[in-house]
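Student: Take a look at the following structure, please.
In the numbering used here, the protein residues as written are 17 to 689.
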């Protein structure tokens with residue numbers, strides 16, 4: 017085998033050169049690795065020298081647990097005192113938790129950087145996280161001083177969202193409830209969507225019980241909105257339990273007592289429960305049924321849970337149901353049910369729960385079930401038309417054109433007694449507690465006392481069309497054909513005040529509820545002619561001057577006469593009354609002064625029917641129309657048509673009104689649907 021030729025000098029040089037280049041490359045790579053390792057080691061060394069002591073100083077529990085155990089309590093308090101209330105680790109609020117999505121994005125961006133950069137940034141974050149408030153502020157000032165405008169712009173945009181804090185989470189529950197009580201309904205519902213804790217606070221009975229107090233059966237002075245009737249006694253009974261609940265919120269659950277206090281039964285819900293219906297039965301049978309309903313405690317845990325679940329309704333649900341009814345009133349959304357059965361004009365009616373009673377010129381009284389529309393019973397006994405009626409749980413009293421007054425057990429249909437005391441037709445009656453007042457065409461109002469069997473008469477110049485007793489103040493209101501309404505003192509049997517401004521007969525007079533608030537809405541009241549009369553009919557004063565008002569206040573005399581001065585504990589009559597007449601107007605009066613504060617125009621013919629509560633006035637007249645008014649606003653009303661003849665009577669409740677007319681029909685407008 018021939019020997020290989022020896023490489024030339026050039027080739028040897030190339031090999032040497034190539035080997036040198038390879039060696040240089042390897043050495044460069046090794047140097048770079050050494051530089052990186054040295055940089056990392058330098059950062060680690062700096063971290064051990066600078067960061068670790070910093071963390072041990074300001075985070076002793078985490079980074080120096082043994083030393084933190086040895087340190088005394090005063091030093092620990094000094095460390096904790098360096099935190100602001102949003103970052104105090106010992107408080108319930110704790111350190112602000114970062115958003116999970118933003119932290120995930122931040123970590124992914126950090127992973128794209130070299131290891132040395134990651135460690136450096138992590139050390140900076142650790143220093144800032146461990147630093148007290150003062151040191152953090154200095155760090156931020158230094159960073160901001162070195163930031164350019166794009167970076168400052170980024171900081172400004174980011175801080176706008178980050179600076180928001182959960183103040184309801186940081187505050188005690190009682191303060192959170194104080195804040196939430198200032199919100200309106202829409203704001204409370206939006207607040208409940210923020211977080212589970214906000215929802216628990218915003219939906220709590222403490223907040224919504226207050227909302228019910230402000231709006232149900234009255235108009236809120238702040239928002240001008242009111243909701244239909246709710247028994248205010250239930251609101252008062254629950255108030256103390258609600259206050260205790262606000263103080264101890266989160267520490268206890270509502271017990272049976274608080275559950276019963278906040279209980280809202282069928283009369284205050286939109287749809288009455290079947291167990292709340294009145295039934296036609298004897299008193300003993302009704303009492304037995306009531307006892308069975310009340311004396312049936314749960315027999316098992318499952319039954320116990322369902323028992324309280326069906327009887328306890330959160331105040332938010334109560335408010336919601338009332339709100340729906342209120343919106344239906346506002347937008348005239350209602351269902352109409354017609355009751356047919358009378359053979360002549362329907363002249364009077366009254367309804368409670370699901371029971372409706374109507375009196376007619378056909379000399380009968382009919383009892384209806386408003387839920388089913390069924391005629392339950394017809395009461396016969398009068399020999400002429402029935403002009404007036406009133407019933408309660410046990411009895412029904414009727415007045416007729418046959419001059420008699422009859423007392424019935426309406427559950428059985430039995431006529432218990434009959435009273436003949438008027439010389440002409442009985443047009444109106446009203447009973448309250450043990451007193452009955454009856455008004456007649458014979459120009460008298462007769463007061464019957466069932467307790468001591470006594471009677472007396474209040475004379476009038478002409479026939480009397482309406483009468484209303486206020487047993488609390490021991491007064492009575494009457495409306496007369498002479499164009500005036502009168503306020504009488506039952507103790508002295510004298511007339512306290514005469515309200516005359518109608519042109520023609522006054523057909524109706526009613527007192528507005530005492531809790532109604534009209535002061536803020538009557539600043540621009542009308543300057544109608546004002547007149548008041550004493551018991552002998554003499555005109556005492558035509559206008560009430562400010563000087564006379566001041567003098568009256570200085571003497572502290574009751575505007576209702578010496579009888580009220582002598583009995584300091586006697587309650588005064590209702591502050592406002594309403595009257596309606598054949599002059600097509602409704603008038604609002606102040607009883608203490610006799611002033612006509614407001615006149616409501618809208619009907620085209622005489623007004624025969626009138627009813628009112630704290631939110632609205634309902635009227636019906638010869639023009640076949642029913643009008644719903646706001647007592648605070650003289651202009652603007654809702655008009656309902658349907659009768660083909662005059663509307664003679666009307667009944668009003670929180671969620672419906674019922675009318676009777678000369679077309680023999682009874683119509684119910686129900687706003688619960």
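Even for Gly, the Cβ is constructed at its ideal location relative to N, Cα and C.
Do the segment 355 to 364 and the segment 380 to 395 meet, that is, are 3 or more Cβ pairs less than 8 Å apart?
Tutor: As far as the Cβ criterion goes, the segment 355 to 364 touches the segment 380 to 395, which means the pair count is three or higher.
Student: Quick one: grab the DSSP three-state call for residue 675.
Tutor: Translated into the one-based positions of the chain shown, residue 675 becomes position 659. Strand, per DSSP.
Student: Considering only C-alpha positions, which residue in the set 687, 534, 413 and 150 is nearest to residue 435?
Tutor: Working through the chain shown from its first residue, we reach residue 435 at position 419. Closest option to residue 435, Cα to Cα, is 413.
Student: Determine whether the beta carbon atoms of residue 335 and residue 214 lie at a separation below 8 Å.
Tutor: Against the chain shown, residue 335 aligns to sequence position 319. Against the chain shown, residue 214 aligns to sequence position 198. No, Cβ-Cβ distance for residue 335 and residue 214 is not below 8 Å.
Student: I'd like to know whether the C-beta atoms of residue 402 and residue 411 end up nearer to each other than 8 Å.
Tutor: Here residue 402 is taken as the residue at index 386 of the chain shown, counted from 1. Here residue 411 is taken as the residue at index 395 of the chain shown, counted from 1. Cβ distance not < 8 Å, so residue 402 and residue 411 don't count as in contact.
Student: What first and last residue would you give for the alpha helix (DSSP H) that runs through residue 634?
Tutor: On the chain shown, position 618 is the one that residue 634 refers to. Note, residue 634: premise wrong, no alpha helix (DSSP H); beta strand (DSSP E) at 633 to 637.
Student: Taking DSSP as the reference, what is the three-state secondary structure of residue 587?
Tutor: Counted from its first residue, the chain shown places residue 587 at position 571. Residue 587 falls in the coil class under three-state DSSP.
Student: Have a look at residue 662 and residue 497 and give me their C-alpha separation to the nearest angstrom.
Tutor: As a first step, residue 662 is located in the chain shown; it is residue number 646 there, counting from the start. As a first step, residue 497 is located in the chain shown; it is residue number 481 there, counting from the start. When rounded, the distance between both Cα atoms is 19 Å.
Student: So, helix, strand or coil for residue 453, using DSSP?
Tutor: Reading the chain shown from its first residue, position 437 is the one you call residue 453. The answer is strand: DSSP assigns residue 453 an E or B state.
Student: Rounded to the nearest angstrom, what separates residue 111 and residue 203 at their Cα positions?
Tutor: If you number the chain shown from 1, residue 111 lands on position 95. If you number the chain shown from 1, residue 203 lands on position 187. In this predicted model, residue 111 has a pLDDT of only 48, less than 50, meaning its place in the structure is not dependable; the value taken from the coordinates is given anyway. Each residue's Cα considered, the two are about 28 Å apart.
Student: Can you tell me which of 376, 370, 379 and 593 puts its alpha carbon nearest to the alpha carbon of residue 386?
Tutor: By one-based count along the chain shown, residue 386 stands at place 370. Ranking the options by Cα distance to residue 386, first place goes to 370.
Student: Output needed for residue 152: all residues of its chain with C-beta closer than 8 Å, excluding positions within five of it in sequence on either side, in chain order.
Tutor: Here residue 152 corresponds to residue number 136 of the chain shown, with the count starting at 1. Same-chain partners within the cutoff: 144.
Student: Could you have a look at residue 198 and say whether DSSP puts it in helix, strand or coil?
Tutor: For the purposes of this step, residue 198 is taken as residue 182 along the chain shown, with counting starting at 1. Coil, per DSSP.
Student: Under the DSSP definition of a beta bridge, which residues are partnered with residue 373?
Tutor: For this step, residue 373 is matched to residue 357 along the chain shown. Its beta-bridge partners are 366 and 383.
Student: Where does residue 448 sit, in a helix, a strand or coil, going by DSSP?
Tutor: The sequence position of residue 448 within the chain shown is 432, counting from 1. It is a strand residue.
Student: What separation, rounded to the nearest whole angstrom, lies between the Cα atoms of residue 679 and residue 594?
Tutor: As a working mapping, residue 679 is identified with position 663 in the chain shown. As a working mapping, residue 594 is identified with position 578 in the chain shown. Computed Cα separation, rounded: 27 Å.
Student: Count the C-beta pairs between the segment 575 to 592 and the segment 488 to 504 that are closer than 8 Å, then say yes if the count reaches three, no if not.
Tutor: Yes: at least three Cβ pairs fall under 8 Å.
Student: With distances taken from CA atoms, which of 480, 427 and 430 is nearest residue 445?
Tutor: Within the chain shown, the letter at position 429 stands for residue 445. For residue 445, the nearest C-alpha among the options comes from 480.
Student: Please go through the same chain and pick out, in chain order, the residues whose beta-carbon is closer than 6 Å to the beta-carbon of residue 227, but skip the five residues on each side of it.
Tutor: Counting from one through the chain shown, the residue named residue 227 turns up at place 211. Correct list, in chain order: 335.
Student: Quick one: using the 10 Å Cβ neighbour count with 16 as the cut-off for buried, is residue 196 buried or exposed?
Tutor: In the chain shown, counting from the first residue as 1, residue 196 sits at position 180. Classification for residue 196: buried.
Student: Could you have a look at residue 516 and say whether DSSP puts it in helix, strand or coil?
Tutor: Position 500 of the chain shown, counted from the first residue, corresponds to residue 516. Note: residue 516 maps to strand in three-state DSSP.
Student: Looking at residue 686 and residue 350, is the spacing between their C-beta atoms short of 8 Å?
Tutor: Here residue 350 is taken as the residue at index 334 of the chain shown, counted from 1. Here residue 686 is taken as the residue at index 670 of the chain shown, counted from 1. Against a cut-off of 8 Å, the Cβ pair of residue 686 and residue 350 comes out as a contact.
Student: Are the beta-carbon atoms of residue 493 and residue 506 separated by less than 8 Å?
Tutor: Locating residue 493 in the chain shown gives position 477, counting from the first residue. Locating residue 506 in the chain shown gives position 490, counting from the first residue. Taking 8 Å as the Cβ cut-off, residue 493 and residue 506 do not qualify as a contacting pair.
Student: Who are the Cβ neighbours of residue 682 in its own chain at under 6 Å, not counting the five residues just before and after it?
Tutor: Counted from its first residue, the chain shown places residue 682 at position 666. Answer for residue 682: 355, 362, 374 and 676, listed in chain order.
Student: Please classify residue 585 as buried or exposed, where buried requires at least 16 neighbouring CB atoms within 10 angstroms.
Tutor: For the purposes of this step, residue 585 is taken as residue 569 along the chain shown, with counting starting at 1. Residue 585 is exposed by the Cβ-count criterion.
Student: Roughly how many whole angstroms lie between the Cα atoms of residue 194 and residue 330?
Tutor: The residue you call residue 194 lines up with position 178 of the chain shown. The residue you call residue 330 lines up with position 314 of the chain shown. Looking at the two C-alpha atoms, the distance is approximately 19 Å.
Student: Given residue 158, which residues of its chain have a CB within under 6 Å of its CB, disregarding the five upstream and five downstream residues?
Tutor: For the purposes of this step, residue 158 is taken as the residue at position 142 of the chain shown. Contacts found: none.
Student: Which first and last residues belong to the alpha helix (DSSP H) in which residue 667 is found?
Tutor: Position 651 of the chain shown holds residue 667. Looking at the DSSP string, residue 667 is not in any alpha helix (DSSP H); the run it does join, the beta strand (DSSP E), is 663 to 668.
Student: So if DSSP puts residue 595 in a beta bridge, which residue, or which two residues, is it bridged to?
Tutor: The count along the chain shown starts at 1 and reaches residue 595 at position 579. Looking at the DSSP assignment, residue 595 forms a beta bridge with 525 and 603.
Student: Could you check which residue in 508, 657, 583 and 217 has the C-alpha nearest to that of residue 191?
Tutor: For the purposes of this step, residue 191 is taken as residue 175 along the chain shown, with counting starting at 1. Ranking 508, 657, 583 and 217 by Cα distance to residue 191 puts 217 first.
Student: From which residue to which residue does the beta strand (DSSP E) around residue 478 run?
Tutor: As a first step, residue 478 must be located in the chain shown, where it is residue number 462. Unbroken run through residue 478: none, as it is neither H nor E.
Student: Report the residue from 476, 518 and 533 whose alpha carbon sits nearest the alpha carbon of residue 509.
Tutor: The residue you call residue 509 lines up with position 493 of the chain shown. Residue 476 is the option with its Cα nearest to residue 509.
Student: Terminal residues of the continuous alpha helix (DSSP H) containing residue 496?
Tutor: Stepping through the chain shown from its first residue, residue 496 is reached at position 480. Run containing residue 496: none in the alpha helix (DSSP H); it sits in the beta strand (DSSP E), 491 to 496.
Student: Are the beta-carbon atoms belonging to residue 126 and residue 137 less than 8 Å from one another?
Tutor: Here residue 126 corresponds to residue number 110 of the chain shown, with the count starting at 1. Here residue 137 corresponds to residue number 121 of the chain shown, with the count starting at 1. Going by C-beta atoms, residue 126 is nearer than 8 Å to residue 137.
Student: Could you tell me if residue 673 is buried or exposed, where buried requires 16 or more neighbouring beta carbons within 10 angstroms of its beta carbon?
Tutor: Start at 1 with the first residue of the chain shown, and residue 673 comes out as number 657. By the 10 Å Cβ count, residue 673 comes out buried.
Student: Among 365, 630 and 484, which one has its Cα closest to the Cα of residue 383?
Tutor: Looking up residue 383 in the chain shown gives position 367. It is 365 whose Cα lies nearest to the Cα of residue 383.
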